[in-house]
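Let me begin by presenting the structure, written as structure tokens, before commenting on it.
Chains as they are written, first to last, in the numbering used here: chain H, 1 to 331; chain Y, 332 to 688.
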């Protein structure tokens with residue numbers, strides 16, 4: 001229907017508001033989610049609309065925020081717990097990884113934990129080593145947790161709405177550098193399927209697999225490459241669990257080259273897992289090694305120069321692709 | 332002589348007790364405690380017979396009054412979480428001991444189909460939101476259950492049971508703070524058996540008056556002597572009903588862990604003299620003596636009851652031994668909801684990767 005101009009932040013807020021209107025059991029709990037309106041403004045004014053018993057300001061107690069959400073989800077609520085920064089996830093890892101992720105399994109399938117843990121990560125605000133990380137690998141490494149990382153305004157809305165219908169705990173990691181991004185979106189349009197990657201661009205020469213903010217860098221790099229005669233396919237995973245490997249496989253088999261781009265540190269990261277899978281499953285189709293373009297294996301600095309330099313950008317992505325394609329045999 | 336001592340103590344305790352006559356809950360409390368004691372003894376037997384799934388079996392012998400006394404005040408619809416030493420609590424809430432034993436044996440017929448075992452047993456039907464093998468791990472769930480009860484106006488309370496060891500975990504204080512702040516129907520029950528694994532409470536804190544911590548957060552808080560199950564039940568009644576009305580509470584039950592931390596622990600870190608004195612603080616024997624002393628039951632009636640319970644619990648072992656192991660393929664079940672695809676087995680993936688046309 002109607003296109004509207006929305007920011008990523010507005011879309012998230014609208015997803016929460018729509019879900020709360022539709023389902024009276026949806027409650028939000030977290031630090032500064034109510035009166036303050038959320039550290040990044042996502043829950044602004046929801047408390048006015050839904051009251052303090054559904055938009056619950058909590059003490060600074062991350063483990064108990066997640067733990068309370070677990071108990072609430074087991075007893076008939078639909079909680080959305082907010083972790084102000086993904087960097088604080090270590091504080092909550094028992095409740096998240098030992099409790100939320102394992103309750104269905106340990107208890108033999110008697111009950112699930114239908115909760116959403118909203119948080120945000122990544123670089124872009126000179127927020128330093130403890131407020132800028134990309135820790136999705138911690139989550140992806142834990143069976144039982146679903147993981148969504150929206151890169152676009154439409155996905156911010158639809159993935160959050162879908163997360164709030166899922167029977168298992170979903171960790172929903174937003175990117176702090178995307179909150180002000182604007183897009184014209186039609187929120188009434190049929191959303192993409194949960195667990196299905198989006199092919200954001202199609203090209204014959206190589207596949208770039210990415211997610212979250214790096215999608216935009218990959219698309220920018222693809223435009224640069226296109227000007228030099230190289231056409232890339234760019235896949236936005238949207239959810240890392242479930243992981244849509246079928247889409248990756250189909251495009252890698254077609255192009256024979258794959259690059260994985262992630263803002264997280266390289267070692268034992270999401271890109272490592274994706275690279276290993278592509279290598280194992282598409283080995284016979286590969287012309288080149290699968291190349292990981294990732295964050296450096298170092299903490300994030302507060303200096304803008306060091307911060308920007310420690311994560312991939314369009315230039316590195318384009319340069320890497322051009323080098324991969326430099327020795328190709330023309331079709 | 333020991334029995335005589337107990338009776339004398341029981342008699343003294345009864346001197347000022349209100350409602351000591353026909354309305355007493357003591358016979359039922361005794362029965363619950365005796366069932367717990369006997370069940371735990373049979374768990375030990377299952378282990379000795381090599382029929383338990385592992386040796387991480389934590390017995391609550393000596394602590395029965397906490398389970399019986401608190402659970403006597405819970406209703407249908409109430410929920411609870413327990414620590415890893417929680418068999419007794421679950422039994423006191425009405426668990427089927429045969430399905431419990433089968434779970435402890437890792438069998439398909441167990442409450443969690445052999446995936447949980449002693450430390451992760453749960454039953455949503457009875458409001459058991461789960462036993463926990465992480466010290467303090469199950470505590471914040473009752474805050475969430477309290478939020479649900481408030482939201483849905485069910486009048487239910489949610490009780491977290493944990494040991495003195497959990498008083499060293501921050502999550503307890505975070506949870507009590509939230510419960511007090513939001514006036515949630517939550518009760519925090521600390522079963523202080525004096526030991527977190529091998530560490531005595533005196534080696535773990537400078538202030539062992541644990542209820543003072545809860546009081547500092549604004550909870551109604553008491554400590555009760557676990558020797559006397561009626562005293563536990565009375566304190567729990569006050570606190571549980573208070574919590575139902577929006578005043579969350581904390582109850583420390585002082586008792587003594589009669590045996591080691593888990594089945595293989597012979598507690599070499601404890602002085603035998605201390606152990607002997609500790610085991611004299613026996614809530615089951617104390618209640619039995621009180622029943623006889625007050626003429627509520629005769630010795631032979633209680634003997635008959637004990638024998639009946641013995642037979643009931645013997646049968647749980649026979650049941651468990653006869654049960655089948657869970658099918659191997661069930662390991663991929665319940666990682667995610669039933670309508671979701673199961674994770675691909677490693678062997679299937681290897682076959683796919685190495686398949687050659």
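Each residue gets a CB set at the ideal place from its N, CA and C atoms; glycine is no exception. Every value quoted in this text rests on a predicted model; they were computed, and no experiment measured them.
- Listed as beta-bridge partners of residue 182 of chain H by DSSP are H:7.
- Exposure of residue 540 of chain Y is indicated by the presence of fewer than 16 other C-beta atoms within 10 angstroms of its C-beta.
- DSSP places residue 641 of chain Y in no beta strand (DSSP E) but in the uninterrupted alpha helix (DSSP H) bounded by 630 to 653.
- DSSP lists no beta-bridge partner residue for residue 681 of chain Y.
- Between residue 562 of chain Y and residue 398 of chain Y, the alpha-carbon positions lie close to 13 Å from each other.
- Among the CB atoms of chain Y, one or more fall inside 8 Å of the CB of residue 104 of chain H.
- Excluding the 5 residues flanking it on each side, residue 4 of chain H has same chain C-beta neighbours closer than 8 Å at 184, 185, 186, 187, in chain order.
- Contact with chain H is absent for residue 538 of chain Y, since none of that chain's Cβ atoms lies less than 8 Å from the residue's Cβ.
- DSSP places residue 66 of chain H in the helix class (H, G or I) of the three-state scheme.
- Among the residues of chain H, those whose CB is under 9 Å from the CB of residue 468 of chain Y are 67, 94, 95, 98, 99, following chain order.
- Across the structure, residue 241 of chain H and residue 195 of chain H are spaced so that their CA atoms are roughly 7 Å apart.
- Within 10 angstroms of the beta-carbon of residue 36 of chain H lie fewer than 16 other beta-carbons, which makes it exposed.
- Within chain H, no C-beta atom comes less than 7 Å from the C-beta of residue 571 of chain Y; the nearest is roughly 17 Å away.
- Residue 263 of chain H is a Cβ neighbour of residue 122 of chain H, given a cutoff of 8 Å.
- Spatial neighbours of residue 79 of chain H in its own chain (CB-CB distance under 7 Å, excluding positions within 5 residues in sequence) are listed in chain order as 27, 29, 69, 72, 73, 115.
- Of the candidates H:129, H:126, H:127, H:119, the residue whose Cα lies closest to the Cα of residue 148 of chain H is H:119.
- Under the three-state reduction of DSSP, residue 155 of chain H is assigned to helix.
- For residue 314 of chain H, the uninterrupted alpha helix (DSSP H) run begins and ends at 314 to 326, by DSSP.
- For residue 34 of chain H, the closest C-alpha among the options H:57, H:13, H:268, H:50 is that of H:57.
- Rounded to whole angstroms, residue 131 of chain H and residue 20 of chain H show a C-alpha spacing of 29 Å.
- Across the region 158 to 190 of chain H, CB contacts with chain Y closer than 7 Å involve 167, 168, in sequence order along the chain.
- When rounded, the separation of the alpha-carbon atoms in residue 193 of chain H and residue 655 of chain Y is 40 Å.
- Counting only Cβ-Cβ distances below 9 Å, residue 74 of chain H has contacts in chain Y at 410, 455, 460, 461, 472, 475, 476, 479, in chain order.
- Non-local C-beta neighbours of residue 235 of chain H in its own chain, meaning closer than 8 Å and more than five positions away in sequence, comprise 197, 198, 199, 200, 207, 208, 209, 210, 247, 248, 251, ordered along the chain.
- By the 16-neighbour rule on beta-carbons within 10 angstroms, residue 383 of chain Y is buried.
- Secondary structure at residue 262 of chain H: strand, using DSSP grouped into helix, strand and coil.
- The beta carbon of residue 402 of chain Y sits closer than 7 Å to the beta carbons of 420, 423, 424 from its chain, once the five residues preceding and following it are set aside; these are given in chain order.
- No residue range can be given for residue 589 of chain Y, since it is assigned to no beta strand (DSSP E) and is classified by DSSP as neither H nor E.
- DSSP places residue 491 of chain Y in the uninterrupted beta strand (DSSP E) bounded by 489 to 494.
- Annotated three-state conformation of residue 361 of chain Y is helix, per DSSP.
- Shown here, residue 120 of chain H sits in a strand according to DSSP, grouped into three states.
- Using a Cβ-Cβ cut-off of 7 Å, residue 665 of chain Y is close to 104, 105, 108, 109 of chain H, given in chain order.
- By the 16-neighbour rule on beta-carbons within 10 angstroms, residue 284 of chain H is exposed.
- In this structure residue 167 of chain H is in contact with residue 668 of chain Y, their Cβ atoms being roughly 4 Å apart against a cut-off of 8 Å.
- Cβ contact annotation for residue 622 of chain Y (same chain, cutoff 8 Å, sequence separation greater than five): 357, 358, 361, 628, 633, in chain order.
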